[in-house]
Amino acid sequence: MTSYRSILAAGVGALALTAAGAASAQTKTLYVGMNGGNFEKTFTQSVFPEFEKANNVKVVVVPGTSSDILAKATAAKDKPQMHVIFLDDGVMVRAIGGGLCEKLKSGPEMAELAPGTRMKDDMAVGIDLGMTGLGYNKKLFDEKGWAAPTSWMDLADPKYKGKVVFQSASASSFGLHAFLMFNRIQGGTEANVEPGFSKFRDTIGKNVLEFIPSSAKIAEMAQTGEAAIFPLTPTAISTLKEKGIGVEYAQPKEGSVVLMVAQCVIANNSEPELAQKLAAYLLSAEAQSKALAAGNIVPSNTKAKASTPEAEKKLETFHANMKTAVTLDWDAINAKRPEWNSRWNKMIER
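Sequence positions in the sequence shown follow mature numbering (1 follows the signal peptide of the UniProt record, and there is no 0) and run -25 to -1, 1 to 325.
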């Protein structure tokens, strides 16, 4: 015979299961498209958990390159599968132009962002900052008695003949940035690259030892003394220095070039308020301090703090350099990029 106590226990158990099921049903999921590797690890382990706990939400990363994420978002434009996406700035311009993004809501964190990080109409905002400037082989410079470089035009200095390593402008953002800054110095703009193409081969081009598709070879070429000077980012220079390679970063007097990863909220996504809330949190000094400490993600929020005095000093220098950094006209670049790539491969690297 079933006792009253067992019936009561069964009833309490059923209520507990129902409550657990209801709580589980209320947990929503947000999908964030971003690069895998360090980005995914940093945000999944160190940034998202606090937001998830506070908002009863699960944040799931959809990993891929910027081009991969853009393709997925474009294919699902009518019924978005992602809520927030991270893209390289040039690719983000294409996403905005394709109507994939909605305007980020204004909040206190927006006023704390570094100059040049808010993209057109606040449809996207930089979340990881970088810049392309000049890297140089300090060991070689010291041996030769050369002063540190100060200008993009130092790449054309005859004393560096056969010692300039230049990333391919058709394959690398670093190479493209350096070429476009040279083009500006020659009187061109992103809408007019004739000055750059007509003068590059007889100036910087004469000094180039090798055009490389990416920066992977620079470590080896700096160690062997082959590479004296090359376009690179402060973050990449720091990484090389941590490996014991004697290189330094120099900020060109004409300005470095902004190179950032930006975030946007996908238009017409299934959780618009929660997606905006996540985007705002990711721009906060609190979240960006966590990303900096865990994954060396350089914050766009100027109030984010580094975990050590040494790291804080690097951050202060970085933000000081950002004040003179140049933001390129990506609308003009994207419109002509395939044509430029063809010209570069035929005229410069042939």
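Even glycine gets a Cβ: it sits at the ideal position worked out from N, Cα and C.
- By the Cβ-count criterion, K33 is exposed, with fewer than 16 other Cβ atoms from all chains shown falling within 10 Å of its own Cβ.
- L215 carries a helical assignment under DSSP once its states are collapsed to helix, strand and coil.
- Nearest neighbour of I323 by Cα position, chosen from R176, K3, G120, turns out to be R176.
- Of the candidates N296, Q251, T2, Q251 places its Cα closest to the Cα of S81.
- The C-beta distance from Q198 to I212 rounds to 14 angstroms, too long to meet the 8 angstroms contact threshold.
- Across the set D96, R318, W315, A310, the C-alpha of A310 shows the shortest separation from the C-alpha of R69.
- Take K95, set aside five residues on each side of it, and the residues of its chain with a beta-carbon closer than 7 angstroms to its own are I71, in chain order.
- In the structure shown, the three-state DSSP call for I272 is coil.
- Beta-bridge annotation (DSSP): I179 is not paired with any residue.
- When the five nearest sequence neighbours on each side are left out, the beta carbons in the same chain lying within less than 6 angstroms of the beta carbon of D304 are those of E165, in order along the chain.
- Beta bridge pairing from DSSP links Q238 with F61, V100.
- For P24, the uninterrupted alpha helix (DSSP H) run begins and ends at 23 to 30, by DSSP.
- Contact annotation: the stretch 107 to 115 touches the stretch 225 to 236, with at least three C-beta pairs closer than 8 angstroms.
- Proximity to L184 across Y135, N316, N243 peaks at Y135, based on C-alpha coordinates.
- In the assembly as shown, V35 is an exposed residue. Its beta-carbon has fewer than 16 other beta-carbons within 10 Å.
- Judged by pairs of C-beta atoms under 8 angstroms, the stretch 282 to 300 does not touch the stretch 122 to 130, as fewer than three such pairs exist.
- For L130, there is no enclosing alpha helix (DSSP H), as DSSP marks it with neither H nor E.
- In this structure D103 is in contact with V273, their Cβ atoms being roughly 6 angstroms apart against a cut-off of 8 angstroms.
- Contact between A254 and Q238 is confirmed by a C-beta separation of about 6 angstroms, below the 8 angstroms threshold.
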